[in-house]
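In my numbering, the protein residues as written are 29 to 612.
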């Protein structure tokens, strides 16, 4: 019984349409019910002709079942079922005693066949045809009883058995179809309700996220505007201006981190986070992150304790960028939720040998903060989720950091777990498999300018005056001779009018009036001069999504840098592009 129930549930939950399921169920019921019905018919002595017709009707039913499931011709199977039901009913009606037998009860099944198997106008048309033919057959049999074969020869007990078995099988089939539709309807409703609840929950989470983001964006923006005004008022006070600039820089970096979180979530939702492995020093990376977060940690009067006593191999091969993101988020999170004074943050790294220069690295980050409530701990890695209570309401955050962290860990093939006790603190444990190296010297991954920029001429194509001023200053500071164009067409004209080799590089904005960056690049790549058409072009745009990088490459650009950019990013991208061009 349990296996039968499991098969029935599997049948209901299959991906087939409801029409297909109903057709299969109906045909199977006819076949299952047809066997005992034929046996009873033979036992009652109805005659060989009648029983042969019964057997042929069952074979016909099996053929329709094959057409439906093997050849997937649902409409053809439905039409064959309707006309087959009419054909065999009329023959059996006249050979089994007409209205003086159980055949009258089978009329109900014949009439519902069009609606069970087919949809729309076709089902209504075939129902009307079936109703007309059946009504005519019954009326005709009453006026011409000589055409009706009296198989039971007036035996009331045989007629009674026939009516009873017909009533039983027809009733069972109708009940099975009804129950199937009811169960399917309830399950479909449950799926819809669950989907609705998920959408509602996601919508509420995103609404909360937008509300938090609005607050989080306004906070640094207010600081930037406020300190800018203070700096303007205290323009002659060097120390005050310096302090304001530092505050503005801090607020700007936080604002950029919010934007980067949103971009990271977009990558997560599209499943496009990449894993690029390089060799680096794990210990040094952790110390670098501690230096970056030093101000945040000290502002909470926290003490940071790092334990590498169980770390044997510092040099590993993994995705340094993702590991930095994981550590930045977890250490920053620990500082954010630590006690206001005297709290400690513990970072412990250990490794477990797995063979073939592979080890499982366990990174534990523990704080002595507010802790996480049991009801929220299962939702802590969900995007846009933040625990709502009086102790955390004033803490800045957008609910994305831990979701991004979990996705980054999983991209690296690792695991992340959390343990927490309310009012005692939380511990996040990350486990990652990495290849290690037995090198004694520290690896340093600093930006190395392998290409000299001194004396090289760059054409900056940017329609925004403020952005042009910033770019001009940044590129001048690293040795470039800078010229500017305000749109793509002006850039093309300047390049055409110049001598071959006059410009060494173009930094091209994308969204510009007159001629955008893509079209300007297309025109440049189709110039007659080999030198001019092969000039390196780097996209300089606020569009930071992976598809934008891909699009700029497809349009003929050699590199891509997202605004706002730092000097380090300019040096890195420019060096990479010029090195590649020189080596071609």
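C-beta atoms are modelled at their ideal positions from N, C-alpha and C, and glycine is treated no differently.
Beta-carbon gap between residue i and residue j smaller than 9 Å
i: residue 513; j: residue 488; result: yes
i: residue 120; j: residue 139; result: no
i: residue 376; j: residue 335; result: yes
i: residue 613; j: residue 208; result: With the chain represented from 29 up to 612, any question about residue 613 goes unanswered, as that position is not in the structure.
i: residue 535; j: residue 499; result: yes
i: residue 109; j: residue 141; result: yes
i: residue 279; j: residue 308; result: no
i: residue 548; j: residue 520; result: yes
i: residue 563; j: residue 596; result: no
i: residue 54; j: residue 88; result: no
i: residue 569; j: residue 538; result: yes
i: residue 389; j: residue 454; result: no
i: residue 565; j: residue 601; result: no
Residue i in three-state terms, based on DSSP
i: residue 276; result: helix
i: residue 407; result: coil
i: residue 309; result: strand
i: residue 619; result: Residue 619 is absent from the structure shown; the chain starts at 29 and stops at 612.
i: residue 533; result: strand
i: residue 111; result: helix
i: residue 60; result: helix
i: residue 437; result: helix
i: residue 542; result: coil
i: residue 449; result: strand
i: residue 124; result: coil
i: residue 130; result: coil
i: residue 490; result: coil
i: residue 263; result: coil
i: residue 584; result: coil
i: residue 554; result: coil
i: residue 50; result: helix
i: residue 608; result: helix
i: residue 364; result: helix
i: residue 618; result: Absent from the model: residue 618. The displayed extent of the chain is 29 to 612, so no value can be given.
Cβ-Cβ separation, residue j to residue i (assumed contact under 8 Å), whole Å
i: residue 51; j: residue 69; result: Incorrect: roughly 25 Å between the Cβ atoms, too far for contact.
i: residue 72; j: residue 190; result: 7 Å
i: residue 128; j: residue 187; result: 6 Å
i: residue 354; j: residue 363; result: 15 Å between Cβ atoms; not a contact.
i: residue 460; j: residue 346; result: 7 Å
i: residue 357; j: residue 399; result: Not quite, the Cβ-Cβ distance comes to about 18 Å (not below 8 Å), so this is no contact.
i: residue 286; j: residue 311; result: About 30 Å; that fails the 8 Å criterion.
i: residue 359; j: residue 393; result: 6 Å
i: residue 114; j: residue 84; result: Not really, about 15 Å apart at Cβ, beyond 8 Å.
i: residue 456; j: residue 431; result: About 13 Å; that fails the 8 Å criterion.
8 Å CB neighbourhood of residue i in its chain, flanking five on each side removed
i: residue 104; result: 95
i: residue 136; result: 198, 202
i: residue 333; result: 372, 373, 374, 375
i: residue 581; result: 588
i: residue 469; result: Unreliable positioning characterises residue 469 in this predicted model, as indicated by a pLDDT of 41, which lies under 50. A coordinate reading is not provided.
i: residue 575; result: none
Counterpart residues of residue i in DSSP-defined beta bridges
i: residue 602; result: According to DSSP, which records beta bridges pairwise, residue 602 is partnered with nothing at all.
i: residue 160; result: Note: residue 160 sits in no beta bridge, so no partner.
i: residue 569; result: 590
i: residue 464; result: 344
i: residue 376; result: 335, 392
i: residue 485; result: 509
i: residue 444; result: 458
i: residue 381; result: 387
Neighbourhood of residue i by C-beta, 6 Å cutoff - its chain only, sequence neighbours within 5 removed
i: residue 61; result: 197
i: residue 615; result: Here the chain comprises residues numbered 29 to 612, so residue 615 is not present and cannot be evaluated.
i: residue 258; result: 272
i: residue 522; result: 513
i: residue 123; result: 78, 177
i: residue 106; result: 145, 146
i: residue 391; result: 377, 458
i: residue 252; result: 276, 279
i: residue 248; result: 279, 282, 283
i: residue 130; result: 190, 191, 194
i: residue 482; result: 507
i: residue 529; result: 559
i: residue 80; result: none
i: residue 433; result: 354, 357
i: residue 577; result: 588
Residues of its chain near residue i, where Cβ-Cβ distance is below 7 Å and the 5 sequence neighbours each way are ignored
i: residue 387; result: 341, 379, 380, 381, 462, 464
i: residue 151; result: 142, 143
Contact test: residue i Cβ vs the ligand NAP heavy atom, cutoff 8 Å
i: residue 337; result: Summarising the ligand content, the structure contains no ligands, and the ligand NAP is consequently not present.
Cβ of residue i within 9 Å of any chain C Cβ
i: residue 259; result: Structure shown: chain C not included; a single protein chain is present.
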